[in-house]
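Only one structure is covered here, and it is reproduced in the block below.
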Amino acid sequence: SPSRGLGDVYKRQAYMKAIYEYVKSKGKDNIVVANPGRQITDKLSLYADIFVTSEISADEYINRFTEPESEFENNEDNFYHIWHIVYAAKPEQYEQIIKLSRKRNAGWLMITDDVQSNPYDKLAKEFERIIRAVNGKKY
67 SPSRGLGDVY KRQAYMKAIY EYVKSKGKDN IVVANPGRQI TDKLSLYADI FVTSEISADE
127 YINRFTEPES EFENNEDNFY HIWHIVYAAK PEQYEQIIKL SRKRNAGWLM ITDDVQSNPY
187 DKLAKEFERI IRAVNGKKY
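Residue 166 in my numbering is what sits at position 100 of the sequence shown, and the numbering runs on without skipping anything.
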């Protein structure tokens, strides 16, 4: 039901607020990184310093990316709050993914060629190619 969905949104927001306030109470310079498993709402944007708003395969990132709806994610001044993670990327896709991440306002980006169930357990092949591309150098 729609009201149940709305209740879930409020619960998630209250949970994120509690975590954010707890972490910041331990040190105002502590950084809160959140991965809500989806794009964020403007109200949720208050409760982390960095949000993982996209964690998808390279194919989906290149061909079927869902544009964010929140003002927060679309505001170019917030790029340093937005992190995209792209897995199952081929080295020849790295430059395209980097260009798309900039267009999509992601100030943080992780690219890996590894696949599910754990695409985060090793560096991508041709990792230096990613570094060069991020820094605007030809490979």
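For every residue, glycine included, the Cβ atom is placed at its ideal position computed from N, Cα and C. Given the structure is predicted, the values throughout are model-derived calculations rather than measurements.
Per-residue DSSP class, three states only, for residue i
| i | result |
| --- | --- |
| Tyr-186 | coil |
| Gly-177 | The residue asked about is misnamed: residue 177 is Ile in this sequence, not Gly. Three-state DSSP puts Ile-177 in a strand. |
| Lys-169 | helix |
| Lys-77 | helix |
| Lys-83 | helix |
Cβ-Cβ separation, residue j to residue i (assumed contact under 8 Å), whole Å
| i | j | result |
| --- | --- | --- |
| Ile-163 | Ala-124 | 6 Å |
| Trp-174 | Ile-122 | That pair is no contact at about 15 Å. |
| Asp-108 | Glu-137 | 5 Å |
| Ala-190 | Ile-197 | About 10 Å; that fails the 8 Å criterion. |
| Ser-183 | His-150 | That belief does not hold up - the Cβ atoms of Ser-183 and His-150 are roughly 20 Å apart, past 8 Å. |
| Asp-179 | Asp-187 | 12 Å between Cβ atoms; not a contact. |
| Ile-148 | Ala-172 | 5 Å |
Range covered by the alpha helix (DSSP H) that runs through residue i
| i | result |
| --- | --- |
| Glu-194 | 193-200 |
Within the region 85-159, note down every full beta strand (DSSP E) run reaching 3 residues or more, in order along the chain. 116-123 and 148-153
Within 8 Å, do at least three Cβ pairs link the region 85-95 to the region 139-148? no
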